[in-house]
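Colleague: Before we start, here is the structure in question, set down as structure tokens.
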Amino acid sequence: MLIKKAVIFTILLVFMLNSASAQYYYDQSFDFGFLSVGGVDDILYLYGIYSGWIDFFLSLLIFLGLTQAVFENTHLRSQSKTLSIGLSLALSFGLIYWERQTGVTLLSLGPLAFLFFLILIYFVIFQLMQKLGTGYWTAGAWAYVVIFSMLSIVQNPLIGWFVDINLFNLLHMLFWIAILIGIIGLFVDRRAPAARPVGGP
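In structure tokens form, the structure reads like this:
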């Protein structure tokens with residue numbers, strides 16, 4: 000139950016960040032009766048100040064998921080957590096150092112490169128949620144919530160493209176649906192977290 004509460008708190012925080020980002024930047028005001036989104040400070044101001052920290056934690060999340068997936072199926076399984084954390088920290092610090100030297104940040108990525116980046120993060124989050132014992136629908140829903148929030152916050156040209164083809168409103172509606180599915184799933188799922196095999200080489 001503690002894990003579920005932590006996940007809910009984290010996702011609600013991401014949701015609030017999302018509400019303060021894309022609609023404001025593209026001057027799209029959504030009024031749901033009880034909630035009106037628009038006319039608030041843009042989260043991009045914070046990204047401009049703390050871009051190094053934000054990029055660091057995003058890359059750390061990705062590297063942790065990837066290294067855990069690699070080491071868990073090898074003979075290094077017993078040391079997988081230590082190796083994963085150490086390697087992920089090293090790669091994340093290296094990435095931030097490269098960003099500082101080149102002046103390239105997450106905002107500098109082109110739409111297609113950023114789309115690939117989001118897909119990669121989606122699968123990492125999906126796998127992490129699966130390990131916490133959630134079902135496929137719940138894991139997929141929360142992964143979509145995080146991805147859509149990141150897409151809105153970072154102000155990538157993909158958002159402008161979605162707006163131009165009138166797809167953004169649909170994606171935003173799916174965002175709300177995913178939140179509903181995710182919250183229900185956290186309390187309905189009864190599947191046990193993925194267990195590691197006992198024994199083996």
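In numbering that gives the first Met the number 0, the protein residues as written are 0 to 200. The beta-carbon is built from N, C-alpha and C at its ideal position, and this holds for glycine as well.
When you compare only the Cα positions, how much space is there between residue 132 and residue 96?
Modeller: 36 Å
Colleague: Is DSSP giving residue 165 helix, strand or coil here?
Modeller: coil
Colleague: When the Cα atoms are used, what is the spatial distance from residue 143 to residue 121?
Modeller: If I take the Cα positions, the gap works out to 7 Å.
Colleague: Put residue 137 into one of helix, strand or coil per three-state DSSP.
Modeller: helix
Colleague: Determine the burial state of residue 180: buried for a count of at least 16 other Cβ atoms within 10 Å of its Cβ, exposed for fewer.
Modeller: buried
Colleague: So, residue 104 versus residue 50, is the Cβ gap smaller than 7 Å?
Modeller: yes
Colleague: By DSSP, does residue 102 sit in helix, in strand, or in coil?
Modeller: coil
Colleague: Whole angstroms is fine: what's the gap from residue 84's alpha carbon to residue 63's?
Modeller: 6 Å
Colleague: Since residue 128 contacts residue 137 with CB under 8 Å, what's their CB separation in whole angstroms?
Modeller: 7 Å
Colleague: Give the straight-line distance between the Cα atoms of residue 81 and residue 168, rounded to the nearest whole angstrom.
Modeller: Distance between the alpha carbons of residue 81 and residue 168 is about 43 Å.
Colleague: Tell me the DSSP secondary structure of residue 82 in three-state form.
Modeller: helix
Colleague: Tell me the rounded alpha-carbon separation between residue 119 and residue 172.
Modeller: 23 Å
Colleague: Using the three-state DSSP reduction, which class does residue 181 fall into: helix, strand or coil?
Modeller: helix
Colleague: Could you tell me how far apart the beta carbons of residue 58 and residue 94 are, in whole angstroms, since I believe they sit closer than 8 Å?
Modeller: Yes, they are in contact, since the Cβ atoms of residue 58 and residue 94 sit about 5 Å apart, within 8 Å.
Colleague: Quick one: measure Cβ to Cβ for residue 123 and residue 185, integer angstroms, because I've assumed they're closer than 8 Å.
Modeller: Contact doesn't hold; Cβ gap of about 19 Å is too wide.
Colleague: Given a cut-off of 7 Å, decide if residue 91 and residue 116 are closer than it, judged by their beta-carbon atoms.
Modeller: no
Colleague: Take residue 98 and list the residues in its own chain whose beta-carbon comes closer than 6 Å to its own, dropping the five residues that flank it on each side.
Modeller: 104
Colleague: Just the C-alpha distance for residue 88 and residue 126, rounded to the nearest angstrom, thanks.
Modeller: 20 Å
Colleague: If you draw a straight line from the C-alpha of residue 65 to the C-alpha of residue 166, how long is it?
Modeller: 31 Å
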